[in-house]
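For the sequence shown, the residue numbers in UniProt numbering are 1 to 391.
Below: one structure, written as C-alpha cells.
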Amino acid sequence: MQLGQDRELDALRKRVRELAAQYAPPRHPRTGVRAPEPEQIPALRKWTAVLFGEQLLGVNWPVEYGGLENPHPLHEKVVTDELVRIGAAGPVGGGLLAGAAIVASGTKEQKDYFLPRIRSGEHIWCQLFSEPEAGSDLAGLRTRARREGGEFVVDGQKVWTTNAHHADWGYLLARTDPDAPKHAGITAFALDMRTPGVTVRPLREITGTADFNEVFLDGVRIPADRVIGKVNEGWAVTTASLALERSSAGSGASLFGALNRLARLAGQVTRDGRPAIERDDVRQAIGGFAAEVYVNALVSAYGDSRALHGSGDVADAPVSKILFSQINLALHEYGMQLQGHDGVRIEGDAKVHDDGWWQDAFLYGRAFTIAGGTNEVLRNLIAERALGLPR
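So this is what it looks like as C-alpha cells:
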C-alpha cells in the first residue's frame, strides 16, 4: 500500500531505499527502542546529515536553508514512511519538529543559527512538552517562565521526553502568564540542554530500556532572544508540531512489517501438532489484520489527500493515530497468543522467536495509545471540535 501511484513519489521511495542501503546505520533490532544507545549517536548524526544533505528532509524549509523550490506536498511523509517500512533509522532526535517551528515562527537569527545545525546533525533536539500533570492535556502545563531583564527564569518539570539524555537543545513550552486563559499565556523557547539548572533523569520502562526521561528545570535562565515566536503565543507555534506528530504516528507504515512477521510466525509455531497457519481460525485472524492494516493506510492517505486539497479536518490526524494504535496493539497481542508458553521467553533464550521482537513490541505497543495524546483525549477532541458535541 502506497500513498498513490505517483511517479515522482515512486522515484523518491527508490532513492530512499538506495541511500539507506548505502549510508544508514544498523537499526536496533528491538522495535520498542525509540531512543538510540550512546554508542549509536555519532553514526546517527552522520545519517541525519545525509538525509538533509540529499534533500530528503527539510524540503519545506526556505530554499536558502536547504529546502526545495517546489517540493511535492507528500515528500517528507513518503520519506519517513519509507524509512519505517524498510526498517531504516530516521533522523536522530526531534529536529524536524523544532525546525518546523523555527521556520514558521523563528527570527532570522534563529533560522541562521539553528537550521544549518539541525541539517548537519550537530544539534540533536528533544521536545519538552509533557508534564506529570499535563500530558495529553498539554494546555494545562505548569512549568513557569518569569521575565528578569533580558532573560526568562524557568522552574518546573517535564516527563516522557524522548532523547533528552542525548539532546543538545530542547523545544520547550512554559507558562509566561499564569493569569491568562488555559491555551494562552504559553511561550515556546529554544533551551540549551547544558544550561545550569537542567537535570535529565532517564526512565526505565517495562521493556527494560530507557527511551524516555524526566527533565527538571530549576532556575534555568534562557536569553529572551531564544523565544520562538511571540511571548504568550506558544500554543499557536506548537499546534503544527502536534499535528505533524499525530499524523506521523498514524501513518501505520510499520504495520506492514508487523503483518509480514505475523504471517511468518504462524508458519513457525505449531497448534495440535501442525503449523498454526494451517488452521482456519489463524488464517482468518491474519486476514482480518491484513484488512485492518490496509484500511488504516487508506484512512491515512485520505487525510493526506484532504490536506493537499485544503479540505483537511481537525479530526483527520487523531482518527489516524487512534486507528493505528489500536490495530498495532491487537496485532502484537495476537502474535503473543500464537506463541503460547514461548511468549514468555526472554531475549537471549534459544527458543525465543524473532530475537524477542514480539515480546518487546507487545510491551511497547500500549505506549502508542498514549504518546501524542491519549486515545481517550483524542476521542474527546474529535467529538467536541469535529462533531460539535457538548463537553
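For every residue, glycine included, the Cβ atom is placed at its ideal position computed from N, Cα and C.
These numbers were taken from a predicted model, which means no experiment stands behind them.
The Cβ-Cβ distance between Ala291 and Leu259 does not fall below 7 Å. Residue pairing of Ile277 in beta bridges, as defined by DSSP: absent, with no partner found. In the three-state DSSP reduction, Arg146 falls in the strand class (E or B). The three-state reading of DSSP puts Ala188 in strand, counting E and B together.
If only uninterrupted beta strand (DSSP E) runs of at least 3 residues are considered, none is enclosed by the stretch 309–337. Within the same chain, Ala266, Val269, Thr270, Val282 and Leu338 come within 7 Å of Ala276 by CB-CB distance, once the 5 residues on both sides are set aside. Phe212 sits in a strand when the DSSP states are folded into three classes. Under the criterion of beta carbons closer than 8 Å, Ala145 and Ala190 do not qualify as touching, at roughly 13 Å.
Per DSSP, reduced to three states, the secondary structure at Phe129 is coil, with no helix or strand assignment. Arg119 is the residue among Arg15, Pro181, Arg119 and Leu203 whose C-alpha sits nearest the C-alpha of Leu97.
Around the beta-carbon of Glu76, 16 or more other beta-carbon atoms lie within 10 Å, marking it buried. Each residue's CA atom was taken as its position, placing Phe256 and Ile86 some 10 Å apart. The beta carbons of Thr176 and Asn232 sit closer together than 7 Å. Around the beta carbon of Leu9, 16 or more other beta carbons sit within 10 angstroms, so the residue counts as buried. DSSP, reduced to helix, strand and coil, places Leu389 outside both helices and strands of the structure shown, so it counts as coil. The Cβ neighbour count for Lys158, taken over all protein chains shown within 10 Å, is at least 16; the residue is labelled buried. In the structure shown, Gln157 falls within a strand segment according to DSSP collapsed to helix, strand and coil. The beta carbon of Glu69 sits closer than 7 Å to the beta carbons of Val63 from its chain, once the five residues preceding and following it are set aside; these are given in chain order. Taking a contact as a CB-CB distance under 8 Å, the pair Leu217 and Gly197 counts as one, their CB atoms being some 6 Å apart.
Rounded to the nearest angstrom, the Cβ distance from Val59 to Tyr23 is 18 Å, too far for a contact under 8 Å. As computed with DSSP, Pro25 is found in no beta bridge at all. Phe324 places its beta carbon 7 Å or farther from that of Gly388. Bridge partners of Gly170 according to DSSP: Cys126 and Leu191.
Thr176 sits in coil when the DSSP states are folded into three classes, being neither helix nor strand. For Arg201, the enclosing beta strand (DSSP E) stretches over residues Val198 to Leu203. In this structure, DSSP gives Gly58 a state outside helix and strand, which the three-state scheme calls coil. Taking a 10 Å sphere around the C-beta of Gln284, we find fewer than 16 other C-beta atoms and assign the residue as exposed. His341: not part of any alpha helix (DSSP H); DSSP gives it neither H nor E. Per the coordinates, the alpha-carbon of Leu44 lies some 38 Å from the alpha-carbon of Lys182.
Here the alpha carbons of Lys111 and Gly66 stand approximately 12 Å from one another. Between the stretch 201–211 and the stretch 125–135 there are fewer than three inter-stretch CB-CB distances shorter than 8 Å, so the stretches are not counted as touching. In this structure, Val299 keeps its C-beta atom at 7 Å or more from the C-beta atom of Ala386. Residues of the same chain with their beta carbon placed closer than 8 Å to that of Gly310 are lacking, with the five preceding and five following residues left out of the count. Between the C-alpha atoms of Tyr364 and Val227 there is a straight-line separation of about 35 Å.
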